[in-house]
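Chains A and B, in that order, are what the protein sequence lines are.
The numbering used here numbers the first residue of the first sequence as 6 and each following residue consecutively.
The numbering used here numbers the first residue of the second sequence as 5 and each following residue consecutively.
Every residue gets a Cβ at the ideal spot worked out from N, C-alpha and C, and that includes glycine.
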Amino acid sequence: GQQVMQIPQYQHVQEGEDFTTYCNSSTTLSNIQWYKQRPGGHPVFLIQLVKSGEVKKQKRLTFQFGEAKKNSSLHITATQTTDVGTYFCAGSNAGGTSYGKLTFGQGTILTVHP
Amino acid sequence: NAGVTQTPKFQVLKTGQSMTLQCAQDMNHNSMYWYRQDPGMGLRLIYYSASEGTTDKGEVPNGYNVSRLNKREFSLRLESAAPSQTSVYFCASGPLAGVINQPQHFGDGTRLSIL
């Protein structure tokens, strides 16, 4: 079945440093979504990427979808303490039988030290 | 705006007991999902309902049953709870019926411990 691997599992940064998390799929994806979960909270949708090579920005966050649609990354520039949380990628199979289903990566837990 | 509401928020059960986790959404969404979240394993899909009246298995359905009671409500039942089912359970919904490319809206979760 489809597997979505996410690295690193943990990342500790000083406030102001940059942060990147990577997501890799064993199969070609039709789209990839990114979610953020604050400690003790629930996942919140951030963005969806659909096109090969797509890059989208949300303020200090930059999302990329690989040319082969098998990998993605989330980059945060100049982290702030409000960025603390777990970042998940979630992908859907391209043209497969994953009817309405997303496969989530294991998540990257980001800690920001003030 | 309540969004997706889950009850209860916390529950402790003994092995072998049964219980139903409730989920309701007020966004007129068609698709609904149940996930479990365990440390280091992300979110795993238990069951989903692509539209009112339909349900289907996800990645980890064993030990669970679901009911799509109406368009708003999607419940998850543990018939005979086991310690391996200790987890945080999230209900989610999506606006479109059976469409992969849609964001999901999550409830606050139910923290379930099985002793």
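Quick check for students: name the residue ranges of the beta strand (DSSP E) that lie wholly in the region 53-117 of chain A, counting only runs of 3 or more.
Listed in chain order, the complete beta strand (DSSP E) runs (minimum 3 residues) inside the region 53-117 of chain A are 60-63, 66-70, 76-81 and 90-98.
Ignore the nearest five residues each way along the sequence and tell me which others in Phe109 (chain A)'s own chain have a CB closer than 7 angstroms to its CB.
Val9, Phe93 and Ala95
Out of curiosity, what's the CA-to-CA distance linking Gly71 (chain A) and Val18 (chain A)?
CA-CA distance, Gly71 (chain A) to Val18 (chain A), rounds to 25 angstroms.
Consult DSSP for Pro65 (chain B) and reduce its assignment to one of helix, strand or coil.
coil
State buried or exposed for Glu20 (chain A), treating a residue as buried only when at least 16 other CB atoms are found within 10 Å of its CB.
exposed
If you measure between the beta carbons of Asn34 (chain B) and Leu100 (chain B), is that distance less than 7 angstroms?
yes
Ala85 (chain B): first and last residue of the uninterrupted beta strand (DSSP E) it sits in:
Taken as a continuous stretch (DSSP letters only), Ala85 (chain B) belongs to no beta strand (DSSP E), as it is neither H nor E.
Which of helix, strand or coil DSSP assigns to Asp23 (chain A):
coil
Taking all protein chains shown into account, decide if Gln14 (chain A) is buried (16 or more other Cβ within 10 angstroms of its Cβ) or exposed.
exposed
Is it right to say Leu47 (chain B) is buried, meaning 16 or more other beta carbons lie within 10 angstroms of its own, or is it exposed?
buried
Gly67 (chain B): contacting residues in chain A (beta-carbon distance under 9 angstroms)
Chain A residues near Gly67 (chain B): none, gap ~19 angstroms exceeds 9 angstroms.
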